[in-house]
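Written below as structure tokens is the structure these notes are about.
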Ligand SMILES: Cc1cc2nc3c(=O)[nH]c(=O)nc-3n(C[C@H](O)[C@H](O)[C@H](O)COP(=O)(O)OP(=O)(O)OC[C@H]3O[C@@H](n4cnc5c(N)ncnc54)[C@H](O)[C@@H]3O)c2cc1C
């Protein structure tokens, strides 16, 4: 692993260091190819490292993601470029050329030893985005406990330039004058694994997100449920009360033509059911209700998972929630139309979770000639027989970059993309293939 800024040649570029990118990089590296992973966050791991447990097996997400992150970081043939912006990705003369800018961490990555002395010395407390904003971090900090690389990042929006971190650093790594560093990478092939973001639900004011105090989104609930979460237990954010009744609002920003998001995001039913099961373990006396349009339990073992949730006493109400507002005593008031013909009903819950849909995290326009579909995810012209092929020769796609996907499908696609990229390299560049064969 390194963060140097030279022009470098690799066999393959992987754009995005989430679970899809890590798997594709590991599979290519294990085939003997050299791989550069370009990640825009300060750590690899993507969304999966931020989850609590994962359906349908309820494995601890960080226990199964951290080894992949570490394996990529320590792999002889994989180089991680984190905290980097991809400025251009073009094919020229049979090679893929990437222009990248290393954003300043204001900490020299080669000198930082991850000791956190800067973090302890910093007097500025800021909301921690890695904990859903529920707890605080410092203006200079390692992003989260198992981040890779373990290098601190200074946030210039909050830094007071008091100098304490610089004085506390035992290796002289803090550098207030660090500048963005442009560099170039070239390779024979590229795999795009840029993943997803959650729907911008503030665009739908009826849901009151950001205004109703105890209305959170599903990624925030992942943090509340995580063993190393902000409170170490599930409390509602406004007053620290253990919630007695929790609601899930399904299809919030999915299957919603009014938001230009007509598609199903595929994972929201399952993650809501998973979280409800975890909540019933954490808060055995709480009532948990999932307001849903249809339950889509499409994968292996998923229907059984849904039935287990029903058997555990989780309530499923077939209804479309139309509006959300603040109720009395910190309650969240839902207005919904139940499909049993009862008309519009209201219900108050101590805490409510928006099961947000998935939208693409990256728009290639102006950066790369990749095309996107009507849903704005990367277009795959042969979705059945070539699901990892894009319209561009030698550039492949995997995971949620091509459309909403669970981890099982993401891993399968990443392996497929690595195999396709390896075959492409072998066909186009026998020298890369023979180097890989002897590696
Ligand atoms: C609340 C919630 C709970 C979930 N729970 C489960 C579960 O229990 N089980 C399950 O199977 N699935 C679950 N999922 C789905 C799971 O998160 C996805 O399947 C998985 O994260 C997809 O991995 P990915 O690598 O394709 O994308 P991501 O995890 O989004 O990773 C993409 C990476 O690419 C980086 N990136 C983006 N753009 C760029 C760029 N331009 N340049 C460089 N890097 C870039 C991002 O920073 C990120 O690190 C859940 C999803 C949500 C929202």
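Numbering (my numbering), first residue to last: 63 to 501. We put the CB at the ideal spot given by N, CA and C, even for glycine. If you're wondering where the values come from, they're calculated on a predicted model, not measured in any experiment.
The continuous beta strand (DSSP E) containing residue 413 extends over residues 413-418. Between residue 91 and residue 447, the alpha-carbon positions lie close to 25 Å from each other.
Placement of the Cβ of residue 238 at a distance of 7 Å or more from every heavy atom of ligand 1 is found. At a threshold of 7 Å, residue 365 does not count as near ligand 1, since its beta carbon sits no closer than that to any of the ligand's heavy atoms. Judged by beta-carbon spacing, residue 463 lies within the 8 Å limit of residue 256, meaning their Cβ atoms are closer than that value. Scanning its chain for C-beta atoms nearer than 6 Å, with the 5 sequence neighbours on each side dropped, one finds around residue 313 the residues 355, in chain order. Contact check for residue 348 against residue 340 fails: the beta carbons are separated by 8 Å or more. According to the DSSP assignment, residue 133 belongs to the alpha helix (DSSP H) that extends over 123-136. In the three-state reduction of the DSSP assignment, residue 433 falls in the coil class, being assigned neither a helical nor a strand state. Distances from the CB of residue 145 to the heavy atoms of ligand 1 are all 7 Å or more. Residue 271 and residue 383 have their alpha carbons spaced roughly 14 Å apart. Sorting 185, 458, 406 by C-alpha distance to the C-alpha of residue 430 places 458 at the top.
The continuous beta strand (DSSP E) containing residue 313 extends over residues 307-314. For residue 257, the CB falls within less than 7 Å of some heavy atom of ligand 1.
Looking at the DSSP output, residue 164 shares a beta bridge with 146, 243. Residue side-chain check: residue 102 places its Cβ nearer than 7 Å to a non-hydrogen atom of ligand 1. For ligand 1, a non-hydrogen atom lies closer than 7 Å to the CB of residue 113. Per DSSP, residue 182 is one residue of the alpha helix (DSSP H) stretching across 179-183. Going by C-alpha positions, residue 482 is about 23 Å away from residue 148. Residue state for residue 477 is assigned as helix, using DSSP reduced to three classes. Judged by DSSP secondary structure, residue 200 falls within the beta strand (DSSP E) whose first and last residues are 198-200.
Here residue 226 carries a helix assignment [DSSP, helix/strand/coil]. Around the C-beta of residue 211, 16 or more other C-beta atoms lie within 10 Å, and the residue is accordingly described as buried. Straight through space, the alpha carbons of residue 86 and residue 96 are spaced by roughly 12 Å. Relative to ligand 1, the beta carbon of residue 78 is positioned inside 7 Å of a heavy atom. Non-local C-beta neighbours of residue 441 in its own chain, meaning closer than 6 Å and more than five positions away in sequence, comprise 433, 434, 435, ordered along the chain. It is roughly 9 Å from the alpha-carbon of residue 353 to the alpha-carbon of residue 400. For residue 215, the CB contacts under 8 Å within the same chain, skipping 5 residues up- and downstream, are 104, 145, 167, 168, 169, 202, 203, 204, 205 in chain order. In this structure residue 123 is not in contact with residue 140, their Cβ atoms being roughly 22 Å apart against a cut-off of 8 Å.
Boundaries of the beta strand (DSSP E) around residue 278: 277-279.
Counting only residues of its own chain and dropping the five nearest sequence neighbours on each side, residue 117 has a CB closer than 8 Å to the CB of 332, 333, 335, 336, 364, 367, 468. Taking the Cβ atoms as the reference, residue 82 lies roughly 3 Å from residue 461, within the contact range of under 8 Å.
For residue 333, the shortest C-beta to heavy atom distance toward ligand 1 is below 7 Å. When DSSP assignments are scanned along the segment 316-404, the uninterrupted stretches of alpha helix (DSSP H) that are 4 or more residues long and fall wholly within it turn out to be 330-344, 364-373. The beta carbon of residue 487 sits closer than 8 Å to the beta carbons of 73, 74, 95, 250, 251, 494, 495, 498 from its chain, once the five residues preceding and following it are set aside; these are given in chain order.
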